[in-house]
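**Student:** Numbering of the sequence shown is given in my numbering, commencing with residue 2 and proceeding in unit increments.
Even glycine gets a Cβ: it sits at the ideal position worked out from N, Cα and C.
Here it is: the structure, laid out below.
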Amino acid sequence: MERIEKYRQFIRQLLTTHATVDPNSDVECQLVFDTEQDHYQILDIGWEGYKRIYNCFIHLDIKDGKIWIQRNMTKADLGQELVEMGVPKEDIILGLHPPYKRPYTGYGVA
């Protein structure tokens, strides 16, 4: 359980560093930390003129003791950033890749 708490802390830290706030924009950057179900996201929500904005840029989950990168719409290498924080590569699953590709990613396969 201590490892899962550490992973939660790493994810919160990672998402906080990637969240961007523009005080001159009607688009709000929201950090979503669901520590009970272990879902973590960065969302942009708001309006640009008459256009509704709702984008999920980063989505991470913790499932079965592993960190799943479900979505990454940034240029950041989230897996590498997690490794640099101390997460073993086998505990990082690139859920955004199909299962048949995961053995070739250098990360966990679930």
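Please state whether the Cβ-Cβ distance between Ile59 and Ile46 is less than 7 Å.
**Tutor:** The sequence position of residue 59 within the sequence shown is 58, counting from 1. The sequence position of residue 46 within the sequence shown is 45, counting from 1. In this structure, Ile46 does not lie closer than 7 Å to Ile59 by Cβ.
**Student:** Check Leu61 in the structure and name its three-state DSSP category.
**Tutor:** Here residue 61 corresponds to residue number 60 of the sequence shown, with the count starting at 1. Strand, per DSSP.
**Student:** According to DSSP, simplified to helix, strand and coil, what is Gly80?
**Tutor:** Along the sequence shown, read from residue 1 onward, the residue named residue 80 stands at position 79. Of the three classes helix, strand and coil, the one that applies to Gly80 here is helix, per DSSP.
**Student:** Do Leu79 and Ile12 have their beta-carbon atoms positioned less than 7 Å apart in this structure?
**Tutor:** As a first step, residue 12 is located in the sequence shown; it is residue number 11 there, counting from the start. As a first step, residue 79 is located in the sequence shown; it is residue number 78 there, counting from the start. No, Cβ-Cβ distance for Ile12 and Leu79 is not below 7 Å.
**Student:** Out of Gln14, Lys67 and Tyr105, point me to the one whose CA is closest to Phe34's CA.
**Tutor:** For the purposes of this step, residue 34 is taken as the residue at position 33 of the sequence shown. Of the listed residues, the one whose Cα sits closest to Phe34 is Gln14.
**Student:** Would you tell me roughly how many angstroms separate the C-alpha atoms of Lys90 and Ala111, rounded to the nearest one?
**Tutor:** Mapped onto the sequence shown, residue 90 falls at position 89. Mapped onto the sequence shown, residue 111 falls at position 110. The straight-line gap from Cα to Cα measures roughly 11 Å.
**Student:** So His40 is in the beta strand (DSSP E); what residue range does that whole segment cover?
**Tutor:** For the purposes of this step, residue 40 is taken as residue 39 along the sequence shown, with counting starting at 1. First-last of the beta strand (DSSP E) with His40: His40 to Glu49.
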